[in-house]
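In this note's numbering, the protein residues as written are 249 to 623. The structure under discussion appears below in the form of structure tokens.
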């Protein structure tokens with residue numbers, strides 16, 4: 249939170265500095281009253297950029313964990329805070345007929361990120377939806393009852409509030425047969441973890457499903473923290489384990505890979521699922537979706553469930569996620585049900601978002617809880 253507040257203050261300061269430049273350009277000595285030109289607007293934006301770069305350098309000197317995330321945060325704040333402040337200043341001058349027409353148009357353009365920023369910061373991150381998907385099971389899988397799997401991925405929070413409780417309530421209303429949590433429950437420092445611990449445990453205790461609730465480790469929490477979070481909640485951690493479950497008239501083998509899924513212990517879990525009796529439904533849950541790349545073609549695993557990508561968290565029309573966070577294809581990283589070399593995989597867009605140094609925004613990738621039905 250300290251970094252976020254500092255960068256926000258820096259963005260405001262950058263905007264103020266740019267407005268000072270605008271004022272100086274308006275009072276420059278000329279035979280006639282000065283009028284702002286397009287180049288003047290660019291100069292003011294450059295002044296704001298210098299302030300933001302100084303702030304970014306200070307944050308890096310501060311010792312942040314992720315330079316790319318902090319750089320993205322500065323760029324975002326510059327776009328939605330500093331640049332619109334310049335636009336407002338230029339338009340005020342335009343009212344007094346002190347701006348050339350092209351510069352006035354440029355000022356209007358600088359205001360366009362404001363509604364986008366409001367949407368990405370204040371609406372989209374909390375516009376929770378239920379993402380439903382269906383997977384057809386091979387004929388040899390015994391039983392006829394559907395297997396309904398609830399997915400709560402990437403809540404990735406450092407406090408428990410109304411939104412986090414709403415995410416859990418929304419998932420429970422879907423009445424899943426079992427619930428899986430593909431990691432990234434918490435993201436924050438030691439003090440935040442100790443403060444949130446009793447509240448997070450209370451939230452996790454409300455999760456229930458007939459066949460149980462299972463979790464795997466994500467990137468944002470250590471195994472020790474995950475174990476402490478779920479202590480006394482009824483949530484079971486799968487550390488490269490396979491559990492056998494009864495769901496209606498079906499037998500389900502649920503395997504969970506650790507965060508580092510490539511070592512032999514992780515491979516053994518996937519091999520065990522592949523060797524399950526023909527009538528058994530086989531489901532693999534892992535945090536990172538690239539675990540599907542470790543499966544052979546048409547492996548016989550009925551479904552892989554993962555999170556991690558947040559659907560990119562920021563996406564563009566036609567392009568999809570700007571950043572994938574994974575070597576899987578852009579389409580798969582964007583979330584939902586897909587098939588990779590004959591292996592079905594469901595990637596959750598996640599209920600939360602990246603915190604700390606990253607810009608805490610979503611754009612065209614709404615948060616979700618998932619309900620995947622195997623029939």
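Note that CB positions come from ideal geometry on N, CA and C, so glycine has one too.
Out of the options, state which residue places its alpha-carbon closest to the alpha-carbon of residue i.
{"i": "residue 434", "options": "417, 427, 478, 251", "result": "478"}
{"i": "residue 549", "options": "363, 430, 585, 590", "result": "590"}
{"i": "residue 554", "options": "509, 529, 526", "result": "509"}
{"i": "residue 458", "options": "354, 424, 578", "result": "424"}
{"i": "residue 395", "options": "543, 572, 498, 288", "result": "498"}
{"i": "residue 373", "options": "620, 615, 619", "result": "615"}
{"i": "residue 466", "options": "519, 534, 597, 411", "result": "534"}
{"i": "residue 376", "options": "357, 388, 417", "result": "417"}
{"i": "residue 523", "options": "481, 572, 502, 507", "result": "502"}
{"i": "residue 337", "options": "422, 359, 321, 556", "result": "359"}
{"i": "residue 388", "options": "526, 541, 598, 557", "result": "526"}
{"i": "residue 512", "options": "488, 446, 541, 258", "result": "488"}
{"i": "residue 331", "options": "392, 297, 308, 310", "result": "297"}
{"i": "residue 252", "options": "542, 470, 323", "result": "323"}
{"i": "residue 613", "options": "582, 285, 603, 456", "result": "582"}
{"i": "residue 354", "options": "259, 288, 557, 264", "result": "288"}
{"i": "residue 274", "options": "299, 476, 443, 342", "result": "342"}
Within its chain, find whatever has a CB closer than 6 Å to the CB of residue i; leave out the 5 residues flanking it on each side and keep chain order.
{"i": "residue 624", "result": "Since the first and last residues shown for the chain are 249 and 623, residue 624 lies out of range."}
{"i": "residue 404", "result": "432, 435, 468, 600"}
{"i": "residue 562", "result": "570, 611"}
{"i": "residue 539", "result": "505, 509"}
{"i": "residue 440", "result": "406"}
{"i": "residue 547", "result": "522, 591"}
Write down the C-beta distance between residue i and residue j rounded to the nearest angstrom, noting that I regard them as a contact closer than 8 Å.
{"i": "residue 266", "j": "residue 303", "result": "The pair is not a contact, with the Cβ atoms about 14 Å apart (cut-off 8 Å)."}
{"i": "residue 531", "j": "residue 429", "result": "That belief does not hold up - the Cβ atoms of residue 531 and residue 429 are roughly 14 Å apart, past 8 Å."}
{"i": "residue 419", "j": "residue 408", "result": "Wrong, their Cβ atoms sit about 15 Å apart, outside the cutoff."}
For the beta strand (DSSP E) containing residue i, list its first residue and its last residue.
{"i": "residue 462", "result": "461–463"}
{"i": "residue 447", "result": "Not the beta strand (DSSP E): residue 447 falls in the alpha helix (DSSP H), residues 438–453."}
{"i": "residue 621", "result": "616–622"}
{"i": "residue 381", "result": "377–383"}
{"i": "residue 425", "result": "Premise fails: residue 425 is in no beta strand (DSSP E) and is neither H nor E."}
{"i": "residue 516", "result": "Unbroken run through residue 516 is the alpha helix (DSSP H), 512–522; no beta strand (DSSP E)."}
Residue range of the alpha helix (DSSP H) that residue i falls in?
{"i": "residue 348", "result": "No alpha helix (DSSP H) holds residue 348; DSSP gives it neither H nor E."}
{"i": "residue 586", "result": "First-last for residue 586: 584–588, but that is the beta strand (DSSP E), not the alpha helix (DSSP H)."}
Take residue i and list the residues in its own chain whose beta-carbon comes closer than 8 Å to its own, dropping the five residues that flank it on each side.
{"i": "residue 256", "result": "325, 329"}
{"i": "residue 484", "result": "460, 461, 462, 463, 478, 491"}
Using a Cβ-Cβ cut-off of 7 Å (strictly less than) and excluding sequence neighbours within five positions of residue i, which residues of its own chain qualify?
{"i": "residue 580", "result": "537, 586, 588, 593, 595"}
{"i": "residue 385", "result": "529, 550, 622, 623"}
{"i": "residue 473", "result": "434, 441"}
Just checking: is the beta-carbon of residue i within a distance shorter than 8 Å of some beta-carbon in chain B?
{"i": "residue 596", "result": "Going by chain labels, chain B is absent from the structure shown, which holds only one protein chain."}
Any heavy atom of the ligand FAD closer than 7 Å to the beta-carbon of residue i?
{"i": "residue 311", "result": "In terms of ligand content, the structure shown is empty, and the ligand FAD therefore cannot be addressed."}
Quiz item: Are there three or more Cβ pairs, one per stretch, closer than 8 Å when the region 601–613 is compared with the region 315–326?
Solution: Contact check between the region 601–613 and the region 315–326: three or more CB pairs, one atom from each, fall below 8 Å, which counts as touching.
Quiz prompt | Segment contact, 8 Å Cβ cut-off, at least three pairs: the region 356–371 with the region 295–311 | solution = no
Practice problem: Spell out a yes or no on whether the region 574–581 and the region 368–384 are touching, meaning 3 or more CB-CB pairs, one atom from each, closer than 8 Å. | Solution: Touching, no.
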